[in-house]
Each structure stands twice: as C-alpha cells, then as structure tokens.
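One structure below.
Numbering (the working numbering), first residue to last: 82 to 400.
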C-alpha cells in the first residue's frame, strides 16, 4: 500500500481526497458528531502545509442516485471552514447523488480524477466498497493512503497478528449475519470472546470453551443482565488486549448499563483497547469514555471485513 509520505508533493498541485463524510446531523442540519470528520483533518492539513490544494469528496447517507437536500455535503462547509479556513479547500457534492458512484462507473471515476493531480484515500470506513471514488479513481491517478488510513491498517493488523495476551474480543449489536464471520475469526485468534446484544440471543452454533454468551438479560431482553456483566468483568480483569465492536444492549433506548460497566472494566484492566463501528463509537462518546480507549476505528463493516480478510478492495487499489 502506497502511503502519503511517499508522495512527491508539488506546490500548487491538487489532491483529490476521499474522506468519510457520513456523519449524523441534528434537526437544524448541523453536524452533531464530528469523529469521522476529525479523523481526516491531519491529512488535509498535511497537504495544505505542503501547499497542495485539497479537493474533498465523500458521501452522506443512502440517497440512491437522487438529490436529497438533507444529505447535501454543503451542510459540512462550516465545519471545514472552521478547521481549515475559508477558500483553503473545495468540497464536492454528495457522490451518491450520482448512481454511477456505487456502480463503480469508469466514466464517473474519470470525471472525478480530472479534478486533481493525485488521489488520497482517507476513508477507511468505505474501503470495503468497490466504488468509483474508492477503487475507480485509484486506478487512474497516482494513489496513496492518507495518514489515518495508514494508521487504521497498521493498528488493526498488529492486534490480530501480535496481540499481548490474554486477548479478549467483545462483540455486540443486532445483525448476526455481519458479525458471525468476525466472531468465528476471533474464536481462532483470541483467548476469550464475549458476545452480547441481540446476536447473543441468536447464536445457535456450537459454543466453544473460549466463547461467552449472555447467561441472563435485563428488562425486555434489551440489555445483558447483572450475572452476565459480572462474568464479562471477570474475564476482562486479566486482559492485556481488547477489541470491541457493537454495543451490548439497546443503548438508544436507555439500556446501556451493560455497555457502560463493561467499558469501565476494559478501562480499569489497563489493556491495549481498540473499538470500532459507528454505534460503538457514538455510545462511548455519549458515555463520556471514548478518549479512554487507545484507538477508535472509523470503520464499522469495513473494520469487521478487514479483521476477517486482512485487506479490503480500497486498500488493494493502493498497491
């Protein structure tokens, strides 16, 4: 994977930077959580420090090829003006307003490539997609991984290959289909795998010795119960490495006791800790403990696929 530090940065040149712009907005159309936007700022400032003009592109939501005002990237202009300065960048409209983006259309990729001299991928969260802005442009322009994408790959690769043990994985959430492959992978490489959320109720496969499913639940089965929390905390007390994806309860409905107490157990253990997934990061941010984890990945589905396969289409495109 070619990285940005290997690029020959020419003063006055233009860089097409694929950022992760898919952030939540409040009712007044203002950004309510900037974690993914913040992750791209070091790369954008690095380019600007080398007198390279960044052309920022990305998507918001799922407009399915149609213009939707509430998903326009224009709403992000104030954020970038505050962090980069007025007139210091160009922000393209939501790429998914054009159906050719998700179709990985060559002509659309050429149109995007025509806006700059080289390409930088700073959107780990969409690297599992074969889209015009991810794999298409990378085949046309000199292409590099941004600073954050480089860090994501290095951090996630290391914990799967060289974890300090005991290595504990925590998996929660709702969709068992998306989590099953990564749980199977964790069962191979981790000392203990703790599973909560709705997927803990739906696990029907064999239960190996290092897999811990909930043994009780809270009200309406929307959170793990006290006995499960106690067991998870016991396992985590000796952990040296922890990776976590997915809340352990229905946190948006107020069922966050399990997630909160297990999060504190991870922090108290002193283990090297990595979390990932939009819901997980948002929950930890709400609980006020996001900064207490060693690394928070910007990827959700991309992180899970990378952990299972060791690479992604967007990463391969930078080879």
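Every residue, glycine too, gets a C-beta built ideally from N, C-alpha and C.
Treat the numbers as computed from the prediction; the structure is a model and nothing was measured.
Where residue 104 sits in the DSSP three-state scheme:
coil
Is the region 303-323 touching the region 248-262 in the sense that three or more CB pairs, one from each, lie closer than 8 Å?
yes
Assuming residue 93 is part of the alpha helix (DSSP H), what are its boundary residues?
Per DSSP, residue 93 belongs to no alpha helix (DSSP H) and is neither H nor E.
For residue 319 and residue 244, which I take to be in contact (beta-carbon distance under 8 Å), what is that distance rounded to the nearest angstrom?
Contact doesn't hold; Cβ gap of about 14 Å is too wide.
Please confirm whether residue 353 and residue 316 have their CB atoms less than 8 Å apart.
no
If you check the beta carbons only, do residue 357 and residue 381 fall under 8 Å apart?
yes
Pick helix, strand or coil for residue 298, following the three-state DSSP scheme.
Three-state DSSP puts residue 298 in a strand.
Cβ atoms of residue 221 and residue 99: under 8 Å apart, would you say?
Not in contact: residue 99 and residue 221 (Cβ atoms no closer than 8 Å).
Alpha-carbon to alpha-carbon, residue 106 and residue 112
4 Å
What span of residues does the beta strand (DSSP E) with residue 255 cover, start to end?
That residue, residue 255, is in no beta strand (DSSP E); it is neither H nor E in DSSP.
Would you call residue 239 buried or exposed, if buried means 16 or more other Cβ atoms sit within 10 Å of its Cβ?
exposed
Determine whether the beta carbon atoms of residue 346 and residue 370 lie at a separation below 8 Å.
no
CB contact below 8 Å: residue 203 versus chain C:
Here there is only one protein chain, and chain C is not present.
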